[in-house]
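> All letters in the sequence shown, in the order written, are residues 135 to 378 by the working numbering.
Each residue gets a CB set at the ideal place from its N, CA and C atoms; glycine is no exception.
Encoded as structure tokens, here's the structure I'll be asking about.
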Amino acid sequence: MIQITAKLASKLKSCNSVCVLTGAGISAESGVPTFRGPEGLWSKFKPEELANVQAFLANPALVWEWYRYRKTLLKNVSPNPAHIALVKMEKHFKDFTLVTQNVDNLHARAGSHKVLCLHGNIDKNYCMTCAKDFNDANLAQTTVPKCDCGGLVRPGVVWFGESLPTQTFEEAESAARRSQLFLCIGTSAVVYPAASLPLIAKECGSYVVEINPEVTELSAIADESIFEKAGVALPQLVDIIPKN
Ligand code: APR
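Shown next, in the form of structure tokens:
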């Protein structure tokens with residue numbers, strides 16, 4: 135059992151407005167590799183070769199090979215108890231906003247209704263010339279898919295150096311500002327502007343709680359850190375919320 139402070143228990147029982155930010159760690163117990171840390175994807179692959187538009191234009195075949203590997207991996211995993219716990223939380227709070235850095239679609243697959251995807255969605259793709267959308271089913275199976283306009287089709291994720299979808303981030307920032315409780319789950323909190331959200335919440339008086347087995351950049355600033363796996367901690371937090 136995790137230790138839940140009286141302060142956090144009181145927040146879970148009395149808050150109306152809750153904002154949650156998730157990172158790769160919430161999908162770790164589904165078998166999805168995280169990015170940093172000893173077994174992380176960035177310890178095996180170079181983000182500068184795979185996750186920016188220059189790399190894509192220089193070698194679209196290599197980048198598509200990497201995304202097809204990740205798309206295939208994600209077809210064989212399922213949401214875990216942490217994702218399910220957030221679906222239950224969504225039902226309890228009047229104002230609940232789930233913001234994710236993940237592109238794996240596991241929150242939506244778990245049943246979360248409103249998910250702000252800051253870094254896009256790996257199931258989506260679009261033409262770089264005419265912006266036509268392609269789902270995986272209507273994606274040409276050639277090494278480098280092309281649009282019927284002749285343009286290059288790319289994965290619908292936000293790459294390093296690219297801006298986040300403006301409206302999505304504005305909604306996330308507004309939810310952080312008005313939150314009374316901010317849960318930061320499974321993120322190393324080193325990639326901005328997503329990592330600014332818990333700091334904004336804290337500045338606006340929200341109670342910031344981190345759930346991560348490791349110490350992160352956020353640990354010194356959070357009001358509380360629960361050093362536990364999300365799949366273990368979150369169901370216990372949900373159990374505290376009054377069943378209305
Ligand atoms: N439960 C909770 N947290 C976990 C778990 C778990 N079971 N397993 C690992 N973690 C934590 C790790 O300790 C780490 O702090 O999840 C965090 C994952 O950090 P990163 O791998 O850096 O992933 P993330 O923070 O989501 O990266 C942010 O960087 O590469 C870009 O666009 C990519 O969205 C990604 C962004």
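Around the C-beta of residue 341, are 16 or more other C-beta atoms found within 10 angstroms, so that it is buried, or is it exposed?
The C-beta of residue 341 has 16 or more other C-beta atoms within 10 Å across all chains shown, which makes the residue buried.
> With DSSP as the reference, label residue 315 as helix, strand or coil.
strand
> Are the beta-carbon atoms belonging to residue 253 and residue 287 less than 8 Å from one another?
No; because the gap between Cβ atoms is not below 8 Å, this pair is not in contact.
> Looking at residue 221: is its Cβ nearer than 8 Å to the Cβ of residue 242?
no
> How many whole angstroms separate the CB atoms of residue 360 and residue 160, which I take to be in contact at a CB cut-off of 8 Å?
That belief does not hold up - the Cβ atoms of residue 360 and residue 160 are roughly 13 Å apart, past 8 Å.
> Would you list the residues sitting across from residue 229 in a DSSP beta bridge?
Looking at the DSSP output, residue 229 shares a beta bridge with 151.
> Buried or exposed for residue 143, going by 16 or more other Cβ atoms inside 10 Å?
exposed
> Ignoring anything shorter than 3 residues, give me the beta strand (DSSP E) runs that lie fully in the stretch 189–246, in order along the chain.
229–234
> Distance, Cα to Cα, residue 148 vs residue 229?
12 Å
> Give the DSSP bridge partners of residue 179, in chain order.
Answer is none; residue 179 lacks a bridge partner.
> Tell me which residues share the same chain as residue 266 and place their Cβ nearer than 6 Å to its Cβ, disregarding the 5 neighbours each side in the sequence.
281
> From what residue to what residue does the alpha helix (DSSP H) around residue 366 run?
In the DSSP assignment, residue 366 falls within the unbroken alpha helix (DSSP H) covering 364–374.
> Of all the options 355, 345, 348, which has the alpha carbon lying nearest to the alpha carbon of residue 334?
Check the Cα spacing between residue 334 and each of 355, 345, 348: the tightest is with 355.
> Under the rule that 16 or more other beta-carbon atoms within 10 Å means buried, what is residue 319, buried or exposed?
When all chains shown are included, residue 319 counts as buried.
> Rounded C-beta distance between residue 317 and residue 154? I'm assuming under 8 Å.
5 Å
> Going along the chain, which residues of its own chain have a beta-carbon closer than 6 Å to the beta-carbon of residue 345, five neighbours each way excluded?
Taken in chain order, the residues that qualify are 319, 360, 364, 367.
> Helix, strand or coil, according to DSSP, for residue 324 in the structure here?
coil
> Looking only at its own chain, which residues have a Cβ that is under 7 Å from the Cβ of residue 313, when we skip the five neighbours before and after it?
151, 152, 153, 335, 340
> Which ranges does the alpha helix (DSSP H) cover as unbroken runs of at least 4 residues, wholly within the stretch 247–318, from first to last along the chain?
300–312
> Alpha carbons only, please: which of 255, 338, 191 is nearest the one belonging to residue 311?
338
> With a Cβ-Cβ cutoff of 8 Å, do residue 352 and residue 332 count as a contact?
A contact, by the Cβ cut-off of 8 Å.
> For residue 294, count neighbouring C-beta atoms within 10 Å of its own C-beta (all shown protein chains included) and say buried if the count is 16 or more, exposed if not.
exposed
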